[in-house]
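Working notes, structure below.
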Amino acid sequence: MSSFWNSKINEIEPYTAGEQPKDGQKVIKLNTNENPYPPSPRCKEALLDFDMSTLRLYPNTDSKAVCEAVAKVDNVKPENVFVGNGSDEVLALCWQTFFEKKENTGKSVLIPDISYSFYPVYSDFYDVRAEKVAIKEDLTIDPDDFTGRENCGIAIANPNAPTSICMPIESIRKILDNNKESVVIIDEAYAAFAEGYTSAATLIGEYRNLVVVRTMSKSYGLAGLRLGYAIADEELIEGLKRARDSFNSYPADRLAQTLAAAALSDREYFEKTRKAVMDTRKRVMQELRDMGFTMPESGANFIFAKPPVSITAETLYKNLKAKGILVRYFNKPLIRESLRITIGTDEEMDELVKAVREEIRNVQES
Ligand code: PMP
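Going by our numbering, the first residue of the sequence shown is number 700, and it counts up by one from there.
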């Protein structure tokens, strides 16, 4: 608390990111869903070719090259794409653009009660009332629960975090059909890792109220670059630009735009690394299940694993941390019994499995 802060800053409970190891500290970092593989080699080439003298000039405000690259991948028009400094910024601008402040409306934005924990923070920060819609006991989202509830918008992560569960496109369609008056955000941060998933971006053109949000941080291995984007109808994109230009007209710098466009152009590398993560995920899930863990099928680059009764998720989290392996533990109802574990390299996951096996053996022997 500080008398220099306004009441909002004194009251807000900010988002807590997964812990970052101190410089030089050697840990196996499986707690923030980063990609274990480096970005496409085309990024390095683009960096080496980069003309430093251009940095004296402001970047293209709309990140034109990125919009064009996304348009090619997703079969939309560049005018359907909006780029921001990470998808967190894109989401924040969505809240400011599409959801009404509570002083102006009795309506709430609907968010699943278990989902990306930034959603309630944005709601508090931008004075939007949020209504949490309970997910099912099996941790799935039922699209019918988003029907017949008055709202000023909807935001859902698909696959959801931290559950890793992916809804099929038919469910998204149902939510869109039943909420035509408000904007529906589908946050596809992890969708590239969902086997056989058809992206909600294929519905752009059909639904004027749909915003699909994506990030370069996970499937493109560019969390350090900070670049995310939204795909939506031009009317919604125009709204986002109005918000952006009332905040920061140049959200993505020249280097970020160049490297992101290079990464997006390399479909072969994208497919190769995404498949490598999915293969490792399959193997690790089996190994953990063989030890008595239970977990839903994952559509993400992480799994949400519940340890066998002999050890609690909290104890396992602490003991793994003591061994230099960071995973994510959420001390919240419904999810405090599981750990969110990012899929790392095969070697990292071997270390994880070995450490978990030791922990389980230790409790069985004591
Ligand atoms: N959406 C979800 C569901 C996430 O888990 C994250 C990563 N924490 C983000 C968005 C934000 O990603 P970024 O800002 O790195 O693009």
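Note that CB positions come from ideal geometry on N, CA and C, so glycine has one too.
If you're wondering where the values come from, they're calculated on a predicted model, not measured in any experiment.
ask   = In whole angstroms, what separates the C-alpha of E733 from that of E967?
value = 20 Å
request  = Could you check what DSSP says for A975 in three-state terms: helix, strand or coil?
outcome  = helix
ask   = First and last residue of the alpha helix (DSSP H) that includes K873?
value = 868-876
In chain order, each beta strand (DSSP E) run of at least 3 residues that lies wholly inside the segment 948-1010 = Segments of the beta strand (DSSP E) lying fully in the segment 948-1010: 1001-1004.
ask   = Within 7 Å: the Cβ of I787 and any heavy atom of the ligand PMP?
value = According to the sequence displayed, residue 787 carries Asp and not Ile. Yes.
task = For T914, verify whether its CB is less than 7 Å away from any heavy atom of the ligand PMP.
result = Indeed, a heavy atom of the ligand PMP lies less than 7 Å from the Cβ.
query = Under 8 Å, do A854 and D812 count as touching if we go by C-beta distance?
reply = no
ask   = Are there three or more Cβ pairs, one per stretch, closer than 8 Å when the segment 973-992 is compared with the segment 1052-1059?
value = yes
task = Quick one: measure Cβ to Cβ for S881 and N850, integer angstroms, because I've assumed they're closer than 8 Å.
result = 6 Å
task = Go through its chain and collect everything with a Cβ distance to A955's Cβ below 6 Å, but skip five positions before and after it.
result = So the list reads L924, L926, once near-sequence residues are dropped.
message = Could you check whether the Cβ of G927 sits closer than 7 Å to any heavy atom belonging to the ligand PMP?
response = yes
query = Which residue or residues does DSSP assign as beta-bridge partners of G783?
reply = G927
query = The beta strand (DSSP E) with I810 in it runs from where to where?
reply = 808-811
request  = With a threshold of 7 Å, establish whether the CB of A942 neighbours any heavy atom of the ligand PMP.
outcome  = no
ask   = Rounded C-beta distance between S822 and Y714? I'm assuming under 8 Å.
value = Incorrect: roughly 12 Å between the Cβ atoms, too far for contact.
task = Pick helix, strand or coil for L1025, following the three-state DSSP scheme.
result = strand
query = If you check the beta carbons only, do A893 and V911 fall under 8 Å apart?
reply = no
query = If you follow the alpha helix (DSSP H) that E718 is part of, which residue opens it and which one closes it?
reply = Here E718 belongs to no alpha helix (DSSP H), and DSSP marks it neither H nor E.
Straight-line Cα distance separating N878 from G847 = Going from the Cα of G847 to the Cα of N878 covers about 8 Å.
key: Pick from G1043, T1014, I1040 that is closest to I1059, judged by C-alpha positions   = T1014
inquiry  = For the ligand PMP, is there any heavy atom lying closer than 7 Å to the beta carbon of A888?
reply    = yes
task = Output the boundary residues of the alpha helix (DSSP H) element that contains A768.
result = 763-773
query = Is the closest heavy atom of the ligand PMP to the C-beta of A856 under 7 Å?
reply = yes
message = Just checking A1077 against the ligand PMP - is the residue's beta carbon closer than 7 Å to any of the ligand's heavy atoms?
response = Residue numbering for the chain in the displayed model covers 700 to 1065; residue 1077 lies beyond these limits and cannot be assessed.
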